[in-house]
Amino acid sequence: MLGKIRRKPRQWEKPTGKVLSDSRLVQPLVYMERLELIRNVCRDEALKNLSHTAVSKFVLDRIFVCDKHKILFCQTPKVGNTQWKKVLIVLNGAFPSIEEIPENVVHDHEKNGLPRLSSFSDAEIQKRLKTYFKFFIVRDPFERLISAFKDKFVHNPRFEPWYRHEIAPGIIRKYRRNRTETRGIQFEDFVRYLGDPNHRWLDLQFGDHIIHWVTYVELCAPCEIKYSVIGHHETLEDDAPYILKEAGIDHLVSYPTIPPGITVYNRTKVERYFLGISKRDIRRLYARFEGDFKLFGYQKPDFLLN
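Quick note: the sequence shown uses our numbering, first residue 721, plus one each step.
In structure tokens:
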């Protein structure tokens, strides 16, 4: 159990809880503990509003299906999902190898050959949820929000102009404190929007674009759907091969090479982004994402809150 009681690392673990790679035999223990933690948090009545969600069309739209190998993958944007989509595209037979998939095809749902769970009948959905191998990936919730902000509002590498020209002005109009300031959207505006208990009316206007920053709970319903494995971005070098093996597909496809250092949690970056943002706004943000922190064993960021 990795929840409230912080146990000492066992002798085969590094202090982070990450299993040493030469002890593959005990590796599954980490994954069992992650699932046990989710079960325990889901039973916590005090967190019910933060940990439970309906398995709505919004959730079913996030889950990609590979019928050939009986796999369901729930998409959690800003956590290396593009690479997992490529893995599924190859498994579904749309392309012979990951290297041959054009970048513009990966996220084009007309061309990538990845059906969503929402496209099936209720009976077919239930059958797949009960019998298929199901997984998704998480990372530190605040670091994910920073990644979403950078990707959509600062760099925007996939050229999606609506983030800067429609969504950013909507957030600024409602949440900018200094009305005379004319700079583009700042991380502070974004934090204020996300921490507002009444954020939903804006979310409705933004539509599915909110998937890049809503909670893992809202995306994947981990208390309602019994997942087989939860991967962590911070330990992806170990988790990706384990997921492929558990899904029975490790002989068919490999997860793309992970550049060194890309998955490491960067506290300095987190501190830099939250510098100058009021404690009240950070606490409201944490209050919204607390379910994600607790369900997946991420430490409460006291260095930002106190």
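All C-beta atoms in this analysis are idealised placements derived from N, C-alpha and C, irrespective of residue type, glycine included.
| Query | Result |
| --- | --- |
| Taking 8 Å as the cut-off, decide whether the C-beta atoms of serine 838 and aspartate 781 are in contact. | yes |
| Under 8 Å Cβ to Cβ from valine 990, same chain only, skipping five residues before and after it: list those, please. | Asp860, Phe862, Glu863, Ile866, Pro1021 and Leu1024 |
| Helix, strand or coil, according to DSSP, for phenylalanine 907 in the structure here? | helix |
| Please confirm if the region 906 to 922 is in contact with the region 820 to 840, defined as three or more CB-CB distances below 8 Å between the two stretches. | no |
| Tell me the rounded alpha-carbon separation between glycine 981 and glycine 800. | 14 Å |
| Assign arginine 754 to buried or exposed, taking buried as 16 or more other Cβ atoms, counted over all protein chains shown, within 10 Å of its Cβ. | buried |
| What beta strand (DSSP E) runs, 3 residues minimum, are completely inside the region 785 to 843? | 791 to 794 |
| Could one say the Cβ of glycine 968 lies closer than 8 Å to chain D's Cβ atoms, at least one of them? | Absence of chain D from the displayed structure is noted, only one protein chain being present. |
| With a 10 Å radius around its C-beta and 16 neighbouring C-beta atoms as the bar for buried, classify leucine 972 as buried or exposed. | exposed |
| Determine the DSSP secondary structure at valine 984, reduced to helix, strand or coil. | coil |
| Ordered along the chain, which non-local residues of its own chain (more than five positions away) have a Cβ less than 8 Å from that of glycine 968? | His789 and Phe853 |
| Please classify arginine 912 as buried or exposed, where buried requires at least 16 other C-beta atoms within 10 Å of its C-beta. | buried |
| To the nearest angstrom, how far is it from the Cα of aspartate 764 to the Cα of threonine 955? | 27 Å |
| Could you tell me whether the region 871 to 881 touches the region 1001 to 1019, where touching means 3 or more Cβ pairs closer than 8 Å? | no |
| In whole angstroms, what is the alpha-carbon distance linking cysteine 943 and glycine 1017? | 15 Å |
| By the 10 Å Cβ neighbour count, where 16 or more other Cβ atoms means buried, how is asparagine 1026 classified, buried or exposed? | exposed |
| Over the uninterrupted beta strand (DSSP E) stretch that includes lysine 1014, give me the two end residues. | Lysine 1014 -> not in any beta strand (DSSP E); alpha helix (DSSP H) instead, spanning 999 to 1015. |
| Just verifying my parser: in three-state terms, what is the DSSP assignment at lysine 894? | helix |
| So isoleucine 969 is in the beta strand (DSSP E); what residue range does that whole segment cover? | Where isoleucine 969 is concerned, there is no enclosing beta strand (DSSP E), given that its DSSP letter is neither H nor E. |
| Would a C-beta distance cut-off of 8 Å place arginine 1008 and glycine 890 closer than the cut-off? | no |
| Please report the distance separating the alpha-carbon of valine 785 from that of proline 835. | 6 Å |
| Which class does histidine 772 belong to by DSSP, given the choice of helix, strand or coil? | coil |
| Among residues of its own chain, excluding the 5 on either side of isoleucine 950, which ones have a beta-carbon nearer than 8 Å to its beta-carbon? | Tyr751, Arg754, Leu755, Ile758, Phe855, Phe856, Ile857, Val858, Pro942 and Phe1016 |
| Can you list, in chain order, the residues of its chain with a C-beta nearer than 6 Å to that of valine 807? Leave out the 5 residues immediately preceding and following it. | Val973 |
| For tryptophan 921, count neighbouring Cβ atoms within 10 angstroms of its own Cβ and tell me buried if that reaches 16, exposed if not. | exposed |
| Would you give the residue range spanned by the alpha helix (DSSP H) that valine 934 belongs to? | No alpha helix (DSSP H) holds valine 934; DSSP gives it neither H nor E. |
| Starting from valine 858, follow the beta strand (DSSP E) in both directions and report where the run begins and ends. | 853 to 858 |
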